[in-house]
Structure formats: structure tokens, C-alpha cells
Amino acid sequence: MPIYSNQVESHVLGGLLKHPDVFSEVDSFVNAADFYNDVHQTIYCILRESILNNEKIDKVLVATKISNLGISSKDDIDIYDYINTLNYTSIARDAVVG
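Following the numbering used here, the numbering of the sequence shown begins with 27 at its first residue and continues without gaps.
What follows is the structure in C-alpha cells.
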């Protein structure tokens, strides 16, 4: 069984939502498969796609893109609320790549 931490995954995603400018550094050593949580994998993929396409990173836009995919999770979470929670994760820019 792989070792994982939802808290660490949440902090990485929250950091990228707040500090998308560090994505290239993070993407050099993290990929979607590194996320154990399926929802986190999807969020990372959407963030990655948006950043690589030079799109604005905004919690509502990210949540809308995920919602439009029609993906449901086993926990049946409200993706807007979840992204909003990640966005309020207290994390400094340096902690994202540090």
C-alpha cells in the first residue's frame, strides 16, 4: 500500500491555487500520478492544463472546469466548496517549492 497524505496533497494544490507562478518548479518533480486522492489528481490536471495554456487561475474557474467534466467522486463532494477550502489553505509561496 502506498504511503500518502491528504494534507500534503491539499497543501500542494492550495499552494498552486495561490501561487501559480511556481508551477514550473513543482511540475518538474510532481505529476498527477503522485496524488493518491482521485479528486486531487483531477484538480492537479486542471491546474496544469490551465497554467500551460496561460489561462487565469481562479478557484471558481478551476471548479467550473472540473464540474463540466461530469466527474463524480466516491465521497460526492461539492467541488466548488472543496476548491474554496483548498484556496484558503494557509501556505507561503516559498513553502510550495521549498
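The C-beta atom is built at its ideal place from N, Cα and C for all residues, glycine as well.
In this structure, residue 73 places its C-beta atom within 7 angstroms of the C-beta atom of residue 42. A contact is defined here as three or more CB-CB pairs under 8 angstroms, and the stretch 78-91 meets this definition with respect to the stretch 32-52. Selection 93, 78 and 64 evaluated against residue 50 yields 78 as nearest (Cα-Cα). The C-alpha of residue 29 is placed about 9 angstroms away from the C-alpha of residue 62. Scanning its chain for C-beta atoms nearer than 7 angstroms, with the 5 sequence neighbours on each side dropped, one finds around residue 106 the residues 89, in chain order.
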